[in-house]
Amino acid sequence: MSWQVFEEDKPQVAQALQEGRFDYMEVVAAVEERRFFRRLLEGGVLEGLAREYPSPRRKEEVPLWLYLASELTLRLHGANGFAAYPYILHCGGLVDALGPDQVERNESLGAQKERTIFRGYNHKNHYTRVTPCDADFLRKMSKDTDPEALEAWFGTSGVRAYREMGALDPEGLFFVDSTYIFVPLDNERYEGSSLLRFHEDGRPVDAEAFEALPPEQKARCAWRRCYRQLKLTHSPADGGFSLCCGSKVLPGKASDVPWVGPLVERCVGALGPRAMKLLVHDRGLVDGETVSRLKGLGVDSLFPLKRGMDVWEDAKVLAAYEDRAWRRYDLPRPAPPPIPKDRPPAVARREAQRQRTLQARGRAPCAPARALTGIEYQYVEPSRVWESCRVPVTVLLIKNHYAHGETLDWALASTREFPDPLQMWTTYRLRPVIEEDHRQDKCFWDMTPFRSPALAHVVNRIVFVELAASLIQIFLRQVERSDLVGRTRQRLLDALRPNQKKIALYCDQRFGLFDPYEYQELLLTLRDGARRKVLGKTRRLRRSQQTPPDLPWRPE
0 MSWQVFEEDK
10 PQVAQALQEG
20 RFDYMEVVAA
30 VEERRFFRRL
40 LEGGVLEGLA
50 REYPSPRRKE
60 EVPLWLYLAS
70 ELTLRLHGAN
80 GFAAYPYILH
90 CGGLVDALGP
100 DQVERNESLG
110 AQKERTIFRG
120 YNHKNHYTRV
130 TPCDADFLRK
140 MSKDTDPEAL
150 EAWFGTSGVR
160 AYREMGALDP
170 EGLFFVDSTY
180 IFVPLDNERY
190 EGSSLLRFHE
200 DGRPVDAEAF
210 EALPPEQKAR
220 CAWRRCYRQL
230 KLTHSPADGG
240 FSLCCGSKVL
250 PGKASDVPWV
260 GPLVERCVGA
270 LGPRAMKLLV
280 HDRGLVDGET
290 VSRLKGLGVD
300 SLFPLKRGMD
310 VWEDAKVLAA
320 YEDRAWRRYD
330 LPRPAPPPIP
340 KDRPPAVARR
350 EAQRQRTLQA
360 RGRAPCAPAR
370 ALTGIEYQYV
380 EPSRVWESCR
390 VPVTVLLIKN
400 HYAHGETLDW
410 ALASTREFPD
420 PLQMWTTYRL
430 RPVIEEDHRQ
440 DKCFWDMTPF
450 RSPALAHVVN
460 RIVFVELAAS
470 LIQIFLRQVE
480 RSDLVGRTRQ
490 RLLDALRPNQ
500 KKIALYCDQR
510 FGLFDPYEYQ
520 ELLLTLRDGA
530 RRKVLGKTRR
540 LRRSQQTPPD
550 LPWRPE
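So, in structure tokens, the structure goes:
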């Protein structure tokens, strides 16, 4: 690999610009998309993932790390099909991260514009390449890769890559949850999909429950074709980020409970013992055999109990028999919204008068109907009353108190003995982070607009969307941009693009950094001859960036 060294010499570059000479100009930002791919390439992350990728090819003509990088850039830009690869590659950051051994920029004398030319890898190029690999190669690799092998690779090599990047939290807190992935209703060719009736709130309704609904609710139910995704996620106790550590795509009608154990075993086998210490899941995945199986792996479980379960009823009896007082915990009141600094004085005076009137009348601002104000809880010692579970579980009886006086009784159970019983409740309250991940993936990361009904393509899209979202969160934390973690894909993409902080100008192996106003002043003070030279060079560079790449010619 060849390298070019540039020396920072701002006065020399400014003098060259006054003469109408410069080689290249770019906008430099604190975070760029190409830095993301350079970290993956130079850090060996992509090479490590490629070594264990379940390739369907006997002969590797195109490096697998390039295939993985291409998949990531497609998912990062929200491409719905592989045909968009030539255009996304030339406007994204991957093309700048590949290096001079693969990419060269030539200026065509006829067209008077720069072209990006790729050398390729298999030495079979009879035409000029505009991409390092063909878009059809990506499609065929995706179609031919076994879906189960791809999920196994993601659940092992993917989590090991997270660990090598130093992204795993030592607390070992993991979450598992399932969600429905919807596909077009009128296309029955989606492999393994199911047709289910869903209520307006997003939950499936079987025939018996549907008949029990009132007519107005029946009218709001609809048939939908779907898959079910079981997702294993890692997050720290503060909920600062979430990394997908495993995924299993099932038919919509299939039960996800039997797959919790294999999904966790795969992750534990990849990371080793004690890497996963606590698994949190919802009541829909409660199963005594699975809880016992995970305890044998050194993984504790935390989950809510279903109504009518013997372990819950026995815990209530024990709590009443011991006659211990319930403990109370009140949630801190949310801070009032900050007063806008640009609020007009007249508006401020009216608001102050309104607050004085409310205080004189003895009225407080109305709270939302379901606003949680506090809880009462009582801890029940470990017991073995759950017949299908071979390990003792502790129970925390909880009574929610809401702003308008409503209450709700429920219970949490765990195979871990927490030093503070309230910690069970605070840990379980992190579950909304996972629900937000599902919403982000399906709504903002464009997971669901599948272009092919093949199961291999469906699983491929889900896996690489999850991998891209996880790797970009790790990158943002490494470059101290944690404020962007959890943002939508488009918001992240805008942040990864240059944010126009500095303008870098290159000339004769030197460069200078200028702020926008300083650069504008230099341009406005150029002489006519130098101005025409700069204008011609700028137009050529602009055409090279904005013109879509030429697709390679193919014989008829």
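One point on numbering: in numbering that gives the first Met the number 0, the residue at position 551 of the sequence shown is 550, and numbering is uninterrupted. Positions of the beta carbon are idealized from the N, C-alpha and C atoms, including for glycine.
Around the C-beta of residue i, are 16 or more other C-beta atoms found within 10 angstroms, so that it is buried, or is it exposed?
i	result
D436	buried
L396	buried
N459	buried
K58	exposed
P420	buried
Q499	In this predicted model, Q499 has a pLDDT of only 49, less than 50, meaning its place in the structure is not dependable; the value taken from the coordinates is given anyway. Q499 is exposed by the Cβ-count criterion.
V346	exposed
L231	buried
P343	exposed
D322	exposed
E32	buried
T537	exposed
R542	exposed
A29	Low confidence applies to A29: its pLDDT is 46, below 50, so where it sits in the model is not reliable, and the reading given next is rough at best. Classification of A29: exposed, given that the 10 Å Cβ count is below 16.
K340	exposed
How far does the beta strand (DSSP E) with residue i in it reach, from first residue to last?
i	result
L525	Element bounds for L525: n/a, residue is neither H nor E.
Q377	371-382
P303	299-303
T393	392-401
V248	242-250
A412	406-413
G171	That residue, G171, is in no beta strand (DSSP E); it is neither H nor E in DSSP.
Could you check whether residue j and residue i sit closer than 8 Å to each other, using their CB atoms as the reference points?
i	j	result
M140	Y66	yes
F463	L71	yes
A82	F36	no
V310	A221	no
W424	Q377	no
D315	V285	It is Lys, not Asp, that sits at residue 315 in the sequence shown. No, they are not a contact pair.
R131	L97	For clarity, residue 131 is Pro in the given sequence; the question names Arg instead. A contact, by the Cβ cut-off of 8 Å.
V267	L278	no
I433	M164	no
A269	T155	yes
V182	S192	yes
L184	K252	no
S300	T414	yes
Y84	S469	no
Among the residues of its own chain, which have a CB less than 7 Å from the CB of residue i, if the five just before and after it don't count?
i	result
C506	V12, A15, R20, F21, D22
F510	F5, E7, V12, A503, L504
A370	Y401, A402
R327	G373, E375
Please report the Cβ distance between residue i and residue j, rounded to the nearest whole angstrom; I am assuming they are in contact, meaning their Cβ atoms lie under 8 Å.
i	j	result
W64	L45	4 Å
R450	N79	6 Å
S241	Q228	Their Cβ separation, rounded to whole angstroms, is 15 Å, which puts S241 and Q228 out of contact at 8 Å.
Quick check: is the beta carbon of residue i nearer than 8 Å to any beta carbon in chain D?
i	result
K294	The structure shown contains no chain D; it holds only a single protein chain.
Could you pull the start and end residues of the alpha helix (DSSP H) that residue i belongs to?
i	result
D135	134-143
L73	63-75
L357	344-360
H456	454-477
G268	259-270
L330	Element bounds for L330: n/a, residue is neither H nor E.
L149	146-152
So, at 6 Å on beta carbons, what are the nonlocal neighbours of residue i in its own chain, with the 5 sequence-adjacent residues on each side left out?
i	result
K532	G19
L39	L45
L475	L483, V484
K398	E375, T406, D408
P331	none
E25	A503
F513	I502
G201	none
Who are the near neighbours of residue i in its chain, counting only those whose CB is closer than 8 Å to its CB and skipping five residues on each side?
i	result
G171	R273, A274, M275, K276, L277
D281	D176, F302, P303, R430
P381	P391, V392, T393, E416
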